[in-house]
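Number of protein chains: 2
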Amino acid sequence: MNDKRTQLLEASIDLFADEGFWNTPTARIARHAGVATGTLFNYFESKDVLIDEVYMQLKHEWMHHIMQNFPQNGTIKEQIEHIWFRHIDWGLGFPRRYALKQQLALSDLVSDEVQQRQQEALAFGFEIVERGMADGLFVPISAEYFGMLMVANLDAAVQYASAHHLKDMALTRHITTSFEIFWRGVTN
Amino acid sequence: MNDKRTQLLEASIDLFADEGFWNTPTARIARHAGVATGTLFNYFESKDVLIDEVYMQLKHEWMHHIMQNFPQNGTIKEQIEHIWFRHIDWGLGFPRRYALKQQLALSDLVSDEVQQRQQEALAFGFEIVERGMADGLFVPISAEYFGMLMVANLDAAVQYASAHHLKDMALTRHITTSFEIFWRGVTN
DNA sequence: TCCGATATTGACTGACCAGTCAGTTTTTGT
DNA sequence: ACAAAAACTGACTGGTCAGTCAATATCGGA
């Protein structure tokens with residue numbers, strides 16, 4: 102019965118996103134999840150590990166969303182474009198989760214160990230980039246910087262679309278444009 | 102004698118950057134500045150307004166750095182390139198200040214009013230972009246999105262250079278490359 | 001020099017909160 | 001059905017911290 106565990110994680114995500122970590126007492130998380138204060142600490146050793154678990158959960162959901170229908174046999178451009186669209190789709194579909202994941206990634210609330218582990222899960226992405234580099238497809242930069250640029254551009258695209266409530270055609274156009282700008286930039 | 106005021110701001114910047122806002126008690130700020138607890142509240146109504154003032158201070162310093170030797174009569178590309186180099190120069194020259202400014206910009210610790218005011222100070226930048234748009238120089242996107250992309254790319258460039266301790270030629274090459282990638286992306 | 005105004009001090013207060021634990025309820029195995 | 005284990009409860013504790021304020025020090029004008 103990890104039902105309560107899920108409820109606690111869900112409550113944490115809601116409250117952390119809306120109020121910020123420092124403004125959400127564990128007591129409120131428990132209440133929001135419909136359990137007693139003490140119960141939270143049966144499932145999570147401390148508030149710190151709760152944060153770690155929330156972060157892992159979000160990263161996992163994000164990864165899952167990104168990888169759905171991934172074109173394993175597509176071209177590099179198709180693969181990156183797929184990630185582009187799916188990432189933005191997730192960001193707009195789950196704005197609170199997206200914002201929280203971003204905040205957690207910057208703040209040093211997440212333990213080094215967890216951050217390390219999450220980084221390793223992105224290895225497949227680096228492979229794609231390295232392959233593109235080998236083909237002379239990209240401007241000569243490190244895969245690391247390529248990844249950083251991609252994330253930076255994606256974040257900006259999501260933030261803009263979100264702030265302006267873009268929908269339907271306007272949204273599609275925006276996503277396409279944002280990708281084109283990125284692609285033209287990193288491509289020879 | 103706003104000497105103490107400056108000391109308090111400086112101490113706040115140091116401690117906020119190193120320990121995080123929520124982990125630095127006002128008492129420690131006061132001690133670090135060499136004054137008593139109560140004195141801090143003579144200069145700043147509350148911890149919240151202290152944060153506002155810190156943010157304004159950082160933005161102001163940043164703006165000042167950016168605008169030094171600004172090529173008023175240069176081409177649009179020269180002007181944006183100038184901002185590019187100066188921004189990165191500031192980020193690498195004052196890493197703690199840069200990190201703190203970024204953190205504050207994301208967190209909602211800064212009051213809406215101050216955030217608003219700071220936004221207005223960037224008006225001159227929007228003018229440059231609008232001019233470029235009118236000339237058909239840029240891809241057709243809003244000046245707002247252009248600005249977001251620029252900031253996103255700059256942040257990535259600073260973060261990368263900072264993490265890898267780039268210096269001298271390697272640094273110059275990196276800055277140039279980062280600008281080229283951005284410019285090629287947003288330009289027709 | 002003297003005095004009122006202003007700045008500074010730091011012990012103190014009231015509120016908050018992470019984490020505990022003794023007691024209670026629920027589950028599990030036989 | 002029963003007992004032992006496991007899960008759950010929430011009042012409580014020890015510690016922290018923003019902001020106060022009465023007492024003290026410093027300053028500036030006459």
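Chains as they are written, first to last, in this note's numbering: chain A, 102 to 289; chain B, 102 to 289. Note that the Cβ used here is the ideal one computed from N, Cα and C, for glycine as well. Every value quoted in this text rests on a predicted model; they were computed, and no experiment measured them.
Cβ neighbours of residue i in the same chain (closer than 6 Å, five flanking residues each side left out)
i	result
residue 283 of chain B	254
residue 158 of chain A	110
residue 181 of chain B	none
residue 46 of chain A	A query on residue 46 of chain A cannot be resolved here, the shown segment of chain A reaching from 102 to 289 and no further.
Own chain residues within Cβ distance below 7 Å of residue i, not counting five before or after
i	result
residue 349 of chain B	With chain B represented from 102 up to 289, any question about residue 349 of chain B goes unanswered, as that position is not in the structure.
residue 211 of chain A	152, 153, 156 and 205
residue 221 of chain B	none
residue 272 of chain A	262
residue 112 of chain A	130, 133 and 134
Candidates the options: closest to residue i by CA position
i	options	result
residue 256 of chain A	A/139, A/143, A/177 and A/186	A/186
residue 84 of chain B	B/183, B/141 and B/174	The first residue shown for chain B is 102 and the last is 289, placing residue 84 of chain B beyond what the model contains.
residue 228 of chain A	A/173, A/114, A/103 and A/108	A/173
residue 298 of chain A	A/199, A/259 and A/220	Residue 298 of chain A falls outside the range modelled here, since chain A spans only 102 to 289, and no answer is possible.
residue 149 of chain B	B/268, B/209, B/274 and B/273	B/209
residue 190 of chain B	B/176, B/175, B/165 and B/214	B/165
residue 142 of chain B	B/106, B/215, B/119 and B/176	B/106
residue 278 of chain B	A/103, A/289 and A/223	A/289
residue 103 of chain B	B/272, B/119 and B/145	B/145
residue 225 of chain B	B/237, B/276, B/171 and B/134	B/171
residue 281 of chain B	B/135, B/179 and B/134	B/179
residue 147 of chain A	A/130, A/162, A/163 and A/238	A/130
residue 236 of chain A	A/223, A/112, A/132 and A/177	A/177
Residue i vs residue j beta-carbon contact at 8 Å
i	j	result
residue 233 of chain B	residue 285 of chain A	no
residue 152 of chain B	residue 122 of chain B	yes
residue 160 of chain A	residue 219 of chain A	yes
residue 262 of chain B	residue 193 of chain B	yes
residue 138 of chain A	residue 128 of chain A	yes
residue 260 of chain B	residue 168 of chain A	no
residue 264 of chain B	residue 275 of chain B	no
Start-to-end residues for the alpha helix (DSSP H) that takes in residue i
i	result
residue 263 of chain B	244 to 264
residue 284 of chain B	269 to 287
residue 230 of chain A	224 to 235
residue 117 of chain B	104 to 120
residue 127 of chain A	127 to 134
Same chain, Cβ closer than 8 Å to residue i, five either side skipped, listed in chain order
i	result
residue 290 of chain A	One cannot answer for residue 290 of chain A here, as it falls past the ends of chain A, which runs 102 to 289.
For a minimum of 4 consecutive residues, which ranges assigned as the alpha helix (DSSP H) are wholly contained in the region 136 to 220 of chain A?
138 to 144, 148 to 168, 177 to 194 and 196 to 207
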